[in-house]
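Engineer: Using the numbering used here, read the sequence shown as starting at 14 and increasing by one per residue. We put the beta carbon where it would ideally sit given N, CA and C, even for glycine. Predicted model only: the values in this text are computed from it and were never measured.
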Amino acid sequence: MRDPREYERPICAEVGPDLFYPEDIEGNGKFELVDKARRICQGCSHITECAEWGIYNERYGIWGGLTAYQRRIIRRRRNIQVRKEDIA
């Protein structure tokens, strides 16, 4: 599984990272930011690879259109045991 820094021209790189970490934002704008980030992911050719990376490696943010909560559900369903120190 490639590190996202190795992806060729990911759309998120054009936008910047702040949009993809809405969990850190409080207030009404949070859900709109999540929707915007997910729409950007939908147009990216790396969406599946990025989602898998997030499932195995990331605790926070939007990865491949999946929120942190959605990735936790997938980990449980797949019985993926990830140690906390292994997740960035």
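Locate the alpha helix (DSSP H) running through C63, then write down its first and last residues.
Structural biologist: First-last of the alpha helix (DSSP H) with C63: I60 to N70.
Engineer: With 16 as the cutoff for other CB atoms within 10 Å, does E19 come out buried or exposed?
Structural biologist: E19 comes out exposed.
Engineer: According to DSSP, L32 sits in a beta bridge with which residue or residues?
Structural biologist: The partner list for L32 (beta bridge, DSSP) is empty, contrary to what the question assumes.
Engineer: Pull the bridge partners of L79 from the DSSP assignment, please.
Structural biologist: W76, per the DSSP bridge assignment.
Engineer: Taking the alpha-carbon of V47 as reference, which of R89, P23, Y82 and I68 has the nearest alpha-carbon?
Structural biologist: Closest by alpha carbon: Y82.
Engineer: Where does P17 fall in DSSP's three states?
Structural biologist: Of the three classes helix, strand and coil, the one that applies to P17 here is helix, per DSSP.
Engineer: To which residues of the same chain is W66 closer than 8 Å at the C-beta, ignoring the five residues directly before and after it?
Structural biologist: Cβ within range, chain order: M14, R15, D16, P17, W76 and G77.
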